[in-house]
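Visitor: Shown below is the structure under consideration.
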Amino acid sequence: MGMKTEKTVRELAVENPHATRVFEKFGIDYCCGGGRPLSAACIEKGVLVQEVERAISEGVTAEVNRLAPQDWAQNELSELIDHITATHHVYVRQETVRIQQLLAKVAGKHGSKHPEVIRVQEVFSALSAELTSHLMKEENILFPYIVQLEKATATGLPKPRPMFGSVKSPIHMMELEHASAGEALRSLREDSNNYTAPDDACATFQASYLALQAFEADLHQHIHLENNILFPKAIALENSGPAV
Ligand SMILES: [Fe+2]
Ligand SMILES: [Fe+2]
Numbered sequence: 165m166g167m168k169t170e171k172t173v174r175e176l177a178v179e180n181p182h183a184t185r186v187f188e189k190f191g192i193d194y195c196c197g198g199g200r201p202l203s204a205a206c207i208e209k210g211v212l213v214q215e216v217e218r219a220i221s222e223g224v225t226a227e228v229n230r231l232a233p234q235d236w237a238q239n240e241l242s243e244l245i246d247h248i249t250a251t252h253h254v255y256v257r258q259e260t261v262r263i264q265q266l267l268a269k270v271a272g273k274h275g276s277k278h279p280e281v282i283r284v285q286e287v288f289s290a291l292s293a294e295l296t297s298h299l300m301k302e303e304n305i306l307f308p309y310i311v312q313l314e315k316a317t318a319t320g321l322p323k324p325r326p327m328f329g330s331v332k333s334p335i336h337m338m339e340l341e342h343a344s345a346g347e348a349l350r351s352l353r354e355d356s357n358n359y360t361a362p363d364d365a366c367a368t369f370q371a372s373y374l375a376l377q378a379f380e381a382d383l384h385q386h387i388h389l390e391n392n393i394l395f396p397k398a399i400a401l402e403n404s405g406p407a408v
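Now the structure itself:
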């Protein structure tokens with residue numbers, strides 16, 4: 165891999181699935197803030213661009229996690245949608261419930277001594293509610309339309325005519341909601357001191373911060389697959405072929 169400083173973070177994340185792991189490690193935003201050149205993102209984070217490039221080219225991963233990086237840019241959109249739904253949507257639904265239970269316990273027990281955990285609980289509850297509605301919109305409106313669109317294009321049938329006019333409309337709404345989720349994640353990270361539990365933290369406190377950190381990494385990957393791969397390809401598909 166050659167020098168990549170002129171490429172944007174998003175381009176690197178799309179062309180090399182390992183890059184997203186490296187960006188997680190260095191705290192570089194690749195899902196909603198991926199439009200910047202890597203060099204600019206590195207300056208903002210105070211890290212050496214060479215170090216990030218080396219990590220990407222060596223395929224270095226910060227930690228082993230359950231996400232197997234795959235080059236989804238090569239798959240059919242219906243396969244990517246199945247993956248997003250079966251992996252990330254299932255995870256969000258399970259973890260929002262579990263983490264809210266953990267945080268309720270921690271806030272109840274330690275909130276007076278560590279008021280920041282009450283703020284973390286509030287922000288995560290609001291994020292959970294937003295995501296619940298967000299996933300439903302994707303699964304019930306946007307994703308089925310993209311699958312139909314891909315099928316029609318592959319078989320040469322007329323493209324479906326959605327109620328919302330162009331696929332760009334729901335995509336724009338989903339991107340705004342992703343940006344809002346990204347903002348909530350930043351706030352959670354800040355309020356939790358980068359997910360560092362205090363010295364006197366009990367096991368539940370520590371477990372809740374560990375779970376939040378894993379949730380952040382999963383949501384970054386999830387939003388990356390949608391914002392940087394699925395959505396641009398869906399727009400390109402809609403624009404392809406004869407107008408109907
Ligand atoms: Fe999603
Ligand atoms: Fe989404």
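Sequential numbering from 165 applies to the sequence shown in our numbering. Just so it is clear, CB atoms sit at the ideal spot from N, CA and C, and this is done for glycine as well.
How far does the alpha helix (DSSP H) with Leu401 in it extend, from its first residue to its last?
Guide: Phe395 to Asn403
Visitor: What is the DSSP secondary structure of Ala407, counted as helix, strand or coil?
Guide: For Ala407, the predicted structure reports a pLDDT of 46, less than 50, and the residue's modelled location is therefore unreliable. A value from the coordinates is still provided. Note: Ala407 maps to coil in three-state DSSP.
Visitor: Note down, one range per segment and in chain order, each alpha helix (DSSP H) of at least 4 residues found wholly within the stretch 281-307.
Guide: none
Visitor: Which value, in whole angstroms, describes the spacing of the CA atoms of Ile192 and Pro334?
Guide: 27 angstroms
Visitor: For Pro201, list the residues DSSP reports as bridge partners.
Guide: Under DSSP, Pro201 takes part in a beta bridge, and its partners are Thr172.
Visitor: Only counting the same chain, and skipping five residues up and downstream in sequence, which positions put a Cβ closer than 8 angstroms to that of Ser128?
Guide: Lying outside 165 to 408, the shown extent of the chain, residue 128 is not represented and no answer is given.
Visitor: Just checking Glu390 against ligand 2 - is the residue's beta carbon closer than 6 angstroms to any of the ligand's heavy atoms?
Guide: It does: the Cβ of Glu390 is within 6 angstroms (strictly closer) of some heavy atom of ligand 2.
Visitor: So, helix, strand or coil for Val228, using DSSP?
Guide: Low local confidence applies: a pLDDT of 44 at Val228 is under 50, so the model's placement there is unreliable, with the coordinate-based value given in what follows. Looking at Val228 - three-state DSSP - the assignment turns out to be coil, as it is neither helix nor strand.
Visitor: Would you call the stretch 321-341 and the stretch 176-192 touching, i.e. three or more CB-CB distances under 8 angstroms?
Guide: no
Visitor: Ligand 2 and Met338: does the residue's C-beta get closer than 6 angstroms to at least one heavy atom of that ligand?
Guide: For Met338, the shortest separation between its Cβ and any heavy atom of ligand 2 lies below 6 angstroms.
Visitor: For Asn229, which residues in the same chain have their Cβ closer than 6 angstroms to its Cβ, ignoring the five residues on either side in sequence?
Guide: Any reading at Asn229 must be qualified, since the residue scores a pLDDT of 47, below 50, and its modelled position is unreliable; no value is offered.
Visitor: Determine the DSSP secondary structure at Met338, reduced to helix, strand or coil.
Guide: helix
Visitor: Could you check if Glu302 belongs to the surroundings of ligand 1, using beta carbon to heavy atom distance under 6 angstroms?
Guide: yes
Visitor: With distances taken from CA atoms, which of Leu340, His384 and Val270 is nearest Ala365?
Guide: Val270
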